[in-house]
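Numbering of the sequence shown is given in this note's numbering, commencing with residue -15 and proceeding in unit increments. Below is one structure; the comments refer to it alone.
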Amino acid sequence: MTFMKTWLAAFFIALIAMTAAPEAAWAQDDTVAVETAEDPAGDVATIAETETEAAPVAEMTPPNEEIGYILTTFMFLVTGILVMWMAAGFTMLEAGLVRQKNTTMQLMKNISLFSIAAIMYYVVGYNLMYPGDGWVMSGYVGAFGVSVLEAVGLMDGDVAVETDLTYASVGSDFFFQLMFCATTASIVSGALAERIKLWPFLIFVVVLTGFIYPIQASWKWGGGFLAPGVDGVTDFLDFAGSTVVHSTGGWAALAGALILGPRLGKYRDGRVNPMPGANLPLATLGTFILWMGWFGFNGGSQLYMDTAGNVADISRIMANTNTAAAGGAIAALILTQMLYKKSDLTMVLNGALAGLVSITAEPLTPSLGAATLIGAVGGVIVVFAVPFLDKLKIDDVVGAIPVHLFAGIWGTLAVVLTNPDATLGKQLYSIVVVGVFVFVVSAVVWLILRAVMGIRVSEEDEINGLDTAELGMEAYPEFAKG
């Protein structure tokens, strides 16, 4: 045990040293190393000058504006595909962490919620989130309308359609942002597993992806009242959505968990009764898929790939994203060993995810060491938050609330540690505003659904499992029959 404590202390001391020390690749604030190469005549030619001279070149807009449009569009499509792959990650994670008798239900919920999000975001969500000048309530509620893509080939018959080439195609932006919307619903799915009816859950997903998520996201990303520069008071920084995406899903899940109640037997006789998942290899696979998809989640949120500077920033974002996940996993690994005398795989998996959520609010400005520490704090939060929720008898099957809500709040606050433009007051204000809106509206929707059609399966169905009760099929029928 003494060895473990020494290891833990040495680990964090090393991280602090990494944070304080200049980094080889990114610490050259004023100048870059002068590289030289000999030409055939033996003369030495300077390859690089000072960064102050090189920086304008790196940030220069491509000579052909169309090139920037093409590159940024391509970035959105590729990173959007990566974020879509996170849907598979959530599915595998949830399927691995629920009991065998509820596996098919989680698979059904995830493919259904993704499909619903795709339709709702097209029908109403995208314009609510990005209303332009069409606000219904300026800065608060966007435009209601169906999304419209560019003309085929950017042509109207034989006439070229006037197109803004300073950003990306509408189709690619829609595709990328849709994936964020679907992610929010995936967060709710895991927390409420093993006792919620299918159709009430899917109706909630309609409201969440079509209205709740787009409205609050418009406040920050659509030019609403939380956007930087709108009023100079309420703007806050959330690069890729620690609050806008992850905390939103967490608040919706918390409201649902409180109203739905815990699983049968989870807190019987005043004790917390473990209900381990059926397939930890599947849960581990899901975590790695999510980890990979997060490179698109955060990297694509740079929003531009039209200059060398933007490309360099994307690479920095991905490196920080990776090391934050590692920090969260290692912190959970060591802390569970210290607390429980054995390392807990499910905590380590959620520690990695918490690290990813924590860095999402600001993956660009931290150093590698700082990113590791931010992620490590996320991992620590998960280890303490899971038993804390159990003490409150809030049953979260997969740990979605600690990972996405608690670590999302931490990540949003941690922006002030590395980004001088962020202030603690603005970050706190925005966390509260978004949290109150999402939690209250979600709770109202859950209560209406409970009153109208019921949201929880019967005790008999819960005991038998939702696979057979709700869907009439099993994920592993050969095992069920012995």
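Yeah, the Cβ is synthetic: ideal placement off N, Cα and C, and Gly gets one too.
- Here M68 carries a helix assignment [DSSP, helix/strand/coil].
- In this structure the segment 388 to 404 does not touch the segment 254 to 263; the number of beta carbon pairs closer than 8 Å is below three.
- As a beta-bridge residue in DSSP terms, V125 pairs with M121.
- Selection E134, E462, G207, V382 evaluated against D117 yields G207 as nearest (Cα-Cα).
- Membership of T307 in the alpha helix (DSSP H) is indicated by the continuous run 292 to 324.
- With 16 or more neighbouring CB atoms inside 10 Å of its own CB, E446 falls in the buried class.
- For G233, the uninterrupted alpha helix (DSSP H) run begins and ends at 232 to 244, by DSSP.
- Taking F279 as the centre and dropping the five residues before and after it, the same chain places the C-beta of L66, M302, T305 closer than 7 Å to its C-beta, in chain order.
- The beta carbon of Y110 lies closer than 8 Å to those of S131, F158, Q161, L162, P198 in the same chain, with the five residues before and after it left out.
- Assignment of I385 by DSSP, reduced to helix, strand and coil, places it in the helix class.
- CA-to-CA, the gap between Y413 and P347 works out to about 21 Å.
- Going by DSSP, D445 is part of the alpha helix (DSSP H) stretching over 443 to 448.
- By the criterion of a C-beta distance shorter than 6 Å, A427 is surrounded in its chain by A239, once the five residues flanking it on both sides are discounted.
- Following the DSSP letters along the chain, one finds N403 in no alpha helix (DSSP H), marked with neither H nor E.
- Comparing C-alpha distances from W235 to each of G392, A313, G353 shows the shortest one belongs to G392.
- Spatial neighbours of V190 in its own chain (CB-CB distance under 8 Å, excluding positions within 5 residues in sequence) are listed in chain order as I100, M104.
- Straight-line measurement puts the Cα of T150 at about 31 Å from the Cα of T232.
- T344 is positioned such that its CB atom lies no closer than 7 Å to that of S202.
- Taking all protein chains shown into account, D451 has 16 or more neighbouring C-beta atoms within 10 Å of its C-beta and is therefore buried.
- The residue among L97, A79, K204, I378 with its C-alpha nearest the C-alpha of A169 is L97.
- Counting of Cβ neighbours within 10 angstroms places K375 among the exposed residues, the total staying below 16.
- With respect to V228, K250 sits apart: the two C-beta atoms are not nearer than 7 Å.
- Inter-residue distance for A459 and K326 is about 31 Å (C-alpha atoms, whole angstroms).
- Residues of the same chain with their beta carbon placed closer than 6 Å to that of V417 are lacking, with the five preceding and five following residues left out of the count.
- Residue environment analysis places R252 among the exposed positions, since fewer than 16 neighbouring C-beta atoms fall within 10 angstroms of its C-beta.
- Remark: C-beta atoms of F188 and V420 do not approach each other more closely than 7 Å.
- Our two residues, T75 and V382, have alpha carbons roughly 11 Å apart in a direct line.
- Across the set S285, A435, R434, I314, the C-alpha of S285 shows the shortest separation from the C-alpha of T56.
- Annotation for T268: G80, L329, L333 place their beta carbon closer than 8 Å to its own, counting only its chain and skipping 5 residues before and after.
- In the DSSP assignment, K410 falls within the unbroken alpha helix (DSSP H) covering 408 to 436.
- In this structure, the beta-carbon distance from A336 to T271 falls below 7 Å.
- Here DSSP, grouped into helix, strand and coil, assigns I100 to helix.
- Between the alpha carbons of Q411 and D222 lies a distance of about 9 Å.
- Residue environment analysis places I95 among the exposed positions, since fewer than 16 neighbouring C-beta atoms fall within 10 angstroms of its C-beta.
- Contact between G123 and F209 holds, since their C-beta atoms are separated by about 4 Å, short of 8 Å.
- Its chain contains I180, K181, P184, L244, W430, L433 as the residues whose beta carbon lies nearer than 7 Å to that of I439, once the 5 sequence neighbours on both sides are disregarded; these appear in chain order.
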